[in-house]
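Each remark here refers to the structure printed beneath this line.
There are 2 protein chains.
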Amino acid sequence: MEYTVSNRMSTIKGSAIREIFKYAADPEVISLAGGNPAPELFPAEALAQIANEMLTKQPTLSLQYGVTEGYTPLREAIKERLKRVENIGKENDDVLVLSGGQQGLDLSTKLLVNEGDTVIVEEPSFIGALNAFRAYGANLAGVPMDSDGMNIEALEKVIAENKNVKVIYTIPTFQNPMGTTMSIEKHKALYDVAKKNGIIIIEDNPYGELTFDGTKMPTIKSMDEDGIVIYCGSFSKILAPGLRIGFMCADKAITAKVTVAKQVTDVHTPMITQLMAYEFLKRYDIDGLIVKMRENYAHKCKTMLDAMEKYFPKGITYTRPGGGLFIWCDLGNGIDTLELSKKGIEQKVVYVPGNTFMVDMNKPCSALRLNYSTMSDERIVEGIKRLGKIFTDAVEAAK
Amino acid sequence: MEYTVSNRMSTIKGSAIREIFKYAADPEVISLAGGNPAPELFPAEALAQIANEMLTKQPTLSLQYGVTEGYTPLREAIKERLKRVENIGKENDDVLVLSGGQQGLDLSTKLLVNEGDTVIVEEPSFIGALNAFRAYGANLAGVPMDSDGMNIEALEKVIAENKNVKVIYTIPTFQNPMGTTMSIEKHKALYDVAKKNGIIIIEDNPYGELTFDGTKMPTIKSMDEDGIVIYCGSFSKILAPGLRIGFMCADKAITAKVTVAKQVTDVHTPMITQLMAYEFLKRYDIDGLIVKMRENYAHKCKTMLDAMEKYFPKGITYTRPGGGLFIWCDLGNGIDTLELSKKGIEQKVVYVPGNTFMVDMNKPCSALRLNYSTMSDERIVEGIKRLGKIFTDAVEAAK
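For the record, the sequence lines run as chains F and W.
At position 32 of the first sequence the residue is numbered 140 (my numbering), and the sequence of numbers has no breaks.
At position 184 of the second sequence the residue is numbered 292 (my numbering), and the sequence of numbers has no breaks.
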């Protein structure tokens with residue numbers, strides 16, 4: 109039988125990135141393509157002990173159905189931590205536990221965006237977000253990025269030119285894929301533009317705590333007096349991604365409806381993973397763990413940047429992130445990094461071509477994303493060395 | 109700021125059932141409203157030991173990102189079990205691990221149903237399914253139930269009368285909320301009607317193994333030569349619902365696209381809960397556990413039916429399930445069981461009014477759903493006794 113796919117899902121193409129990740133699964137391949145946190149920092153022993161204890165002493169709580177909003181003590185702990193670390197949480201805000209940060213994007217879109225409505229995105233932006241929006245038939249409109257975040261003039265132009273703009277999606281701090289951070293001035297400008305135009309901001313902040321020198325950027329949500337910011341957070345990058353625990357902080361009018369949307373999507377997030385996150389927050393020093401992650405990633409980022417300085421061709425540009433997991437590198441010269449990735453695969457090194465992060469994925473792109481959090485120092489250097497050769501040849505050939 | 113909710117989500121009303129469940133949370137209240145499995149049967153010790161061991165010995169596997177399709181050994185184990193227990197699995201079928209059975213309904217709809225397309229449902233049917241369909245703006249068309257499943261003549265009429273029928277949703281065995289089971293003849297007839305009209309069947313089978321006398325009904329999927337049946341299963345009722353592990357078996361052309369839909373929804377199902385399900389299947393006797401559940405529910409169902417026989421007014425009708433979790437009771441006499449549920453709340457006993465399970469929830473309904481799996485024998489009898497008084501008064505008053 110022939111299947112007719114819904115209009116909304118027909119907008120997502122099977123992407124080249126899945127092909128690349130197939131190669132990345134080969135242990136011989138040096139993958140600079142992923143966004144996996146360093147597994148050596150997972151507090152596995154603590155989580156093993158918690159899981160064992162909860163399942164033994166609280167079997168019904170751990171294994172029976174839970175409420176859609178999330179385990180109440182975990183919601184309270186997240187609220188408390190958001191207030192303390194990010195100064196987030198107004199009178200009218202509420203927190204929901206979600207099945208990973210991705211679910212915050214999925215449910216917000218489900219709730220707010222009709223097919224054909226416009227969602228404004230940074231360009232480049234996180235592929236998982238772009239596809240979450242596409243999967244509801246949203247019209248994506250990209251705003252070019254300056255080194256300090258969205259170009260605000262371009263943003264206003266995009267709003268004027270598009271109908272039914274419902275959402276602006278941003279990753280202000282240590283952006284994926286660029287690694288850049290939005291300035292405080294732009295936080296304010298973006299907020300004002302959204303408010304003036306009656307547009308909801310989805311602020312995605314999975315990397316904000318992974319700051320190399322300890323400087324914390326304020327969030328847009330912390331200045332949200334009008335209840336227009338949906339803040340999406342996650343434990344994936346500060347505890348462990350396999351738990352799939354994310355959260356949302358937003359105005360109660362929004363969280364109440366997102367709860368209904370979540371109920372019909374997955375009923376609730378698993379209890380044992382919520383209990384693991386909650387008890388870890390209660391008993392252990394997550395702030396101390398995050399400090400270790402910062403040091404680890406700062407070191408690995410420097411290792412990669414040093415190797416890039418040494419092996420990459422001169423005249424190309426790349427970002428120097430203050431935190432997070434990614435470096436964005438532009439080879440320029442009309443080079444198609446998707447095409448070039450095949451040479452990487454031959455040399456057993458993979459990255460994500462820049463076109464993946466664009467609204468129009470079919471347009472060739474000279475930029476690419478590099479990840480430094482997953483591989484060892486040695487493999488980072490070896491990977492960059494191999495890419496250096498490929499990129500040097502490509503730049504030479506393009507001249 | 110005013111929020112504009114998407115058309116799709118505006119079709120779901122905050123339902124009376126949520127109000128009822130608020131009362132059910134009070135430990136003094138006898139809840140015959142839920143669908144919770146008996147917690148005393150959760151294999152908590154085994155799962156505690158598995159979780160502890162996996163997190164200790166396989167920390168990266170347990171805590172790192174996993175693949176969207178699900179943990180491969182778990183997919184294989186589910187495939188093997190589906191073949192052995194249900195005779196399901198053709199050459200072209202594949203299995204995906206999902207975040208609970210509900211996600212199978214959500215993602216199937218996301219993939220197949222445009223806003224305004226018709227989804228045909230049994231009437232009454234599972235509220236979680238109805239709302240999953242509503243949340244994509246589906247046009248719901250109900251088919252009345254006979255004691256042996258959907259009325260096939262009515263089904264054909266509904267197909268003829270509705271445009272763009274994409275899906276027929278059915279719970280053939282121990283239906284929620286009716287507790288009734290579709291005959292083998294109707295399996296065949298339903299399949300033929302769907303095939304002839306190019307409609308996909310979503311077969312939801314969370315209760316099929318909970319057969320009181322051990323008789324296993326065949327599934328529609330087991331006769332699916334054309335790849336038109338999406339089979340949704342779950343470990344919620346045969347292991348533990350808090351794990352949120354479900355699965356789907358469908359033609360590879362469908363599972364490939366559902367994988368893309370899942371990736372943008374929650375990336376993947378948590379690793380530790382998948383490992384718990386897999387290792388439990390591998391090391392323990394889940395078939396033996398299910399036998400215990402069958403015995404437990406058969407006993408509780410009989411306890412409830414005996415009490416109903418004793419305390420309920422004569423002349424009303426109710427189903428006598430061969431398995432599953434629910435009894436459907438019709439008071440007739442134009443009684444509105446939603447209105448009547450308030451008297452139950454006063455007497456600290458709650459059920460789910462029948463209107464909840466209908467396409468048009470606003471129409472008064474004289475039927476209601478009773479659950480026997482959660483409460484103790486004593487509370488079941490006491491609850492039915494209290495309801496008996498309320499129902500007897502109502503039937504008397506209505507005469």
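Even for Gly, the Cβ is constructed at its ideal location relative to N, Cα and C.
Given the structure is predicted, the values throughout are model-derived calculations rather than measurements.
query: How should residue 177/F be labelled, buried or exposed, when 16 other C-beta atoms within 10 angstroms of its C-beta is the threshold for buried?
result: Residue mapping note: residue 177/F aligns to position 69 of the first sequence, counting from 1. Under this definition residue 177/F is a buried residue.
- request: Kindly indicate which residue of 197/W, 486/W, 267/W, 150/W has the alpha-carbon position closest to the one of residue 511/W.
  value: Given that chain W is displayed from residue 109 to residue 507, the structure contains no residue 511/W and the question cannot be resolved.
message: Using C-beta distances below 7 Å, list every residue in its chain close to residue 355/W, excluding the 5 sequence neighbours before and after it, in chain order.
response: Position 247 of the second sequence holds residue 355/W. Excluding residues within five positions, the ones whose Cβ falls inside 7 Å are 186, 203, 204, 205, 206, 341.
- prompt: Among the residues of its own chain, which have a CB less than 6 Å from the CB of residue 210/F, if the five just before and after it don't count?
  reply: As a position in the first sequence, residue 210/F is number 102, starting the count at 1. Sequence-distant Cβ neighbours of residue 210/F in its own chain, meaning closer than 6 Å and more than five residues away, are 236.
message: Counting C-beta neighbours from all protein chains within 10 Å, is the total for residue 271/W 16 or more, i.e. buried, or is it exposed?
response: Taking the first residue of the second sequence as position 1, residue 271/W is located at position 163. So residue 271/W ends up on the exposed side.
field: residue 170/F versus residue 481/W - alpha carbon distance
entry: Working through the first sequence from its first residue, we reach residue 170/F at position 62. Working through the second sequence from its first residue, we reach residue 481/W at position 373. In this structure, the alpha-carbon of residue 170/F lies about 18 Å from that of residue 481/W.
- request: Please work out which residues of its chain come closer than 6 Å, Cβ to Cβ, to residue 369/W, disregarding the five sequence neighbours upstream and downstream, and give them in chain order.
  value: Mapped onto the second sequence, residue 369/W falls at position 261. Taken in chain order, the residues that qualify are 215, 218, 219.
message: Any beta carbon from chain F within less than 9 Å of residue 112/W's own beta carbon?
response: Position 4 of the second sequence, counted from the start, is the residue given in the question as residue 112/W. For residue 112/W, the answer is yes, since a Cβ of chain F falls inside 9 Å of its Cβ.
field: 8 Å contact criterion, which residue 319/F and residue 353/F should meet: CB distance rounded
entry: Here the question's residue 319/F lines up with position 211 in the first sequence. Here the question's residue 353/F lines up with position 245 in the first sequence. Between residue 319/F and residue 353/F a beta carbon distance of about 21 Å is seen, past the 8 Å cut, so the two are scored as non-contacting.
- request: Report, in whole angstroms, the separation of the C-beta atoms of residue 459/W and residue 476/W, which I expect to be a contact under 8 Å.
  value: The sequence position of residue 459/W within the second sequence is 351, counting from 1. The sequence position of residue 476/W within the second sequence is 368, counting from 1. Between residue 476/W and residue 459/W the Cβ distance is about 5 Å, and since that is below 8 Å, they are a contact.
task: Starting from the C-beta of residue 367/F, find all residues in its chain whose C-beta is less than 6 Å away, skip the five residues before and the five after it, and write them out in chain order.
output: Position 259 of the first sequence, counting from 1, holds the residue named residue 367/F. Within the same chain, residue 367/F has close Cβ partners 176, 177.
- prompt: Does the Cβ-Cβ distance between residue 240/W and residue 373/F come in under 9 Å?
  reply: In the second sequence, residue 240/W corresponds to position 132, counting from 1. In the first sequence, residue 373/F corresponds to position 265, counting from 1. Yes, the Cβ-Cβ distance between residue 240/W and residue 373/F is below 9 Å.
- prompt: Enumerated in chain order, which unbroken segments of the alpha helix (DSSP H) with a length of 4 residues or greater are wholly contained in the region 298-332 of chain W?
  reply: The alpha helix (DSSP H) runs of length 4 or more contained entirely in the region 298-332 of chain W do not exist; there are none.
- request: To the nearest angstrom, report how far apart residue 161/W and residue 391/W are at their CA atoms.
  value: Locating residue 161/W in the second sequence gives position 53, where the first residue counts as 1. Locating residue 391/W in the second sequence gives position 283, where the first residue counts as 1. Linking residue 161/W to residue 391/W through their CA atoms gives a straight-line distance of about 13 Å.
Extent of the continuous beta strand (DSSP E) to which residue 133/F belongs: Start at 1 with the first residue of the first sequence, and residue 133/F comes out as number 25. Taken as a continuous stretch (DSSP letters only), residue 133/F belongs to no beta strand (DSSP E), as it is neither H nor E.
message: Within a Cβ cutoff of 7 Å, which residues of the same chain sit near residue 359/W, ignoring the five residues on either side of it in sequence?
response: Within the second sequence, numbered from 1, the residue matching residue 359/W stands at position 251. Excluding sequence neighbours, residue 359/W sits near 200, 201, 335.
Short CB-CB distance (under 9 Å) between residue 249/F and chain W: If you number the first sequence from 1, residue 249/F lands on position 141. Contact of residue 249/F with chain W is not assigned, every C-beta pair being separated by 9 Å or more.
- request: List the residues of chain W whose Cβ lies closer than 7 Å to the Cβ of residue 485/F, in chain order.
  value: Reading the first sequence from its first residue, position 377 is the one you call residue 485/F. Chain-ordered listing is empty here: chain W has no CB closer than 7 Å to the CB of residue 485/F, the nearest sitting near 18 Å.
message: I want to see whether chain W comes within less than 9 Å of residue 274/F, judged by CB atoms only; does it?
response: Reading the first sequence from its first residue, position 166 is the one you call residue 274/F. Chain W places a beta carbon closer than 9 Å to that of residue 274/F, counting this residue as a contact.
The region 287-303 of chain W contacting the region 257-264 of chain W, beta-carbon criterion three pairs below 8 Å: Judged by Cβ distances under 8 Å, the region 287-303 of chain W makes contact with the region 257-264 of chain W, as three or more pairs qualify.
query: So, is residue 399/F buried or exposed, given that buried needs 16 or more other C-beta atoms within 10 angstroms?
result: On the first sequence, residue 399/F is found 291 positions in, with the first residue counted as 1. Under this definition residue 399/F is an exposed residue.
- prompt: Between the beta-carbon of residue 433/W and the beta-carbon of residue 151/W, is there less than 9 Å?
  reply: Within the second sequence, residue 433/W is the residue found at index 325, counting from 1. Within the second sequence, residue 151/W is the residue found at index 43, counting from 1. In this structure, the beta-carbon distance from residue 433/W to residue 151/W does not fall below 9 Å.
query: My guess is that residue 349/W and residue 172/F are in contact by the Cβ rule of under 8 Å, so how many angstroms apart are they, rounded?
result: Counted from its first residue, the second sequence places residue 349/W at position 241. Counted from its first residue, the first sequence places residue 172/F at position 64. The pair is a contact, with the Cβ atoms about 6 Å apart (cut-off 8 Å).
Same chain only: Cβ atoms within 8 Å of residue 253/F, ignoring 5 sequence neighbours per side: Residue 253/F sits at position 145 when you count from the first residue of the first sequence. Within the same chain, residue 253/F has close Cβ partners 230, 231, 232, 259, 283, 286, 288.
- prompt: According to DSSP, is residue 406/F helix, strand or coil?
  reply: The residue you call residue 406/F lines up with position 298 of the first sequence. Annotated three-state conformation of residue 406/F is helix, per DSSP.
query: Taking Cβ to Cβ, would you say residue 312/F is nearer than 9 Å to residue 213/F?
result: On the first sequence, residue 312/F is found 204 positions in, with the first residue counted as 1. On the first sequence, residue 213/F is found 105 positions in, with the first residue counted as 1. A contact, by the Cβ cut-off of 9 Å.
- request: Would you list, in sequence order, the uninterrupted alpha helix (DSSP H) runs of no fewer than 4 residues that lie entirely inside the region 248-275 of chain F?
  value: Entirely contained in the region 248-275 of chain F, the alpha helix (DSSP H) runs reaching 4 residues are, in chain order, 260-269.
query: Does DSSP put residue 355/F in a helix, a strand or coil?
result: Here residue 355/F corresponds to residue number 247 of the first sequence, with the count starting at 1. Strand.
- prompt: Hey, how far is the Cα of residue 415/F from the Cα of residue 144/F?
  reply: On the first sequence, position 307 is the one that residue 415/F refers to. On the first sequence, position 36 is the one that residue 144/F refers to. One alpha carbon belongs to residue 415/F, the other to residue 144/F, and they sit about 21 Å apart.
field: Member of 474/W, 430/W, 450/W whose CA lies at the smallest distance from the CA of residue 130/W
entry: Here residue 130/W refers to the residue found at position 22 when the second sequence is read from its first residue. Of 474/W, 430/W, 450/W, the residue nearest in Cα terms is 450/W.
- prompt: By how many angstroms is the C-alpha of residue 379/W removed from the C-alpha of residue 393/W?
  reply: As a position in the second sequence, residue 393/W is number 285, starting the count at 1. As a position in the second sequence, residue 379/W is number 271, starting the count at 1. Taking the straight line from one Cα to the other gives about 22 Å.
- prompt: Residues in the region 445-461 of chain F with C-beta within 7 Å of chain W's C-beta atoms, listed in sequence order?
  reply: Against chain W - using a Cβ distance shorter than 7 Å - the region 445-461 of chain F contributes no residues.
Contact set between residue 288/W and chain F, taken where Cβ atoms lie within less than 7 Å: For the purposes of this step, residue 288/W is taken as the residue at position 180 of the second sequence. Within chain F, no residue comes near residue 288/W; the closest Cβ sits about 24 Å away, beyond 7 Å.
- prompt: Taking only beta-carbon atoms, is residue 132/W less than 9 Å away from chain F?
  reply: Walking along the second sequence from the start, residue 132/W turns up at place 24. With 9 Å as the cut-off, residue 132/W does not count as an interface residue toward chain F.
field: Simplified DSSP state of residue 443/W, which is helix, strand or coil
entry: Here residue 443/W corresponds to residue number 335 of the second sequence, with the count starting at 1. Here residue 443/W sits in coil by DSSP.
Sequence-distant residues of the same chain with beta carbon closer than 8 Å to residue 487/F, five excluded per side: Here the question's residue 487/F lines up with position 379 in the first sequence. Hits under 8 Å: 138.
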